[in-house]
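Numbering (my numbering), first residue to last: 1 to 108.
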């Protein structure tokens, strides 16, 4: 595991991976958003029909833990690729959203 990974480095690696396979032609905002949704659905599928207790323990079994990690990676990969195509800084977007949410939903 590389603890020095950054979001821009991951985005660069994803772009290089896609370019080496000539997949860039398919990486339109619409296609990437659709793929992101599909992968999020696959992540949700891991938890479908589980009780809250079973869902909380999903990482205890290596089989389901591996699947969760893979689906989280797929969701993040498509999100980062979408951000690259749209030129959105995902960390800045999140930071700005947190500020708006803090204003919209003040703590009691």
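Beta carbons: idealized from backbone N, C-alpha and C, even for Gly.
For the alpha helix (DSSP H) that contains residue i, what are its first and last residues?
i, result
"residue 5", "Taken as a continuous stretch (DSSP letters only), residue 5 belongs to no alpha helix (DSSP H), as it is neither H nor E."
"residue 81", "62 to 86"
"residue 37", "29 to 47"
Taking just the CA atoms, how far does residue j sit from residue i?
i, j, result
"residue 27", "residue 35", "10 Å"
"residue 20", "residue 105", "45 Å"
"residue 92", "residue 7", "11 Å"
"residue 15", "residue 77", "10 Å"
"residue 71", "residue 103", "32 Å"
"residue 52", "residue 18", "38 Å"
"residue 41", "residue 108", "34 Å"
Would you identify the three-state DSSP class for residue i, choosing helix, strand or coil?
i, result
"residue 22", "coil"
"residue 94", "helix"
"residue 106", "coil"
"residue 14", "helix"
"residue 57", "coil"
Three or more beta-carbon pairs under 8 Å between the segment 1 to 15 and the segment 82 to 93, yes or no? Judged by Cβ distances under 8 Å, the segment 1 to 15 makes contact with the segment 82 to 93, as three or more pairs qualify.
Check whether the segment 44 to 59 and the segment 95 to 102 touch, using three or more Cβ-Cβ pairs below 8 Å as the test. No, they do not touch.
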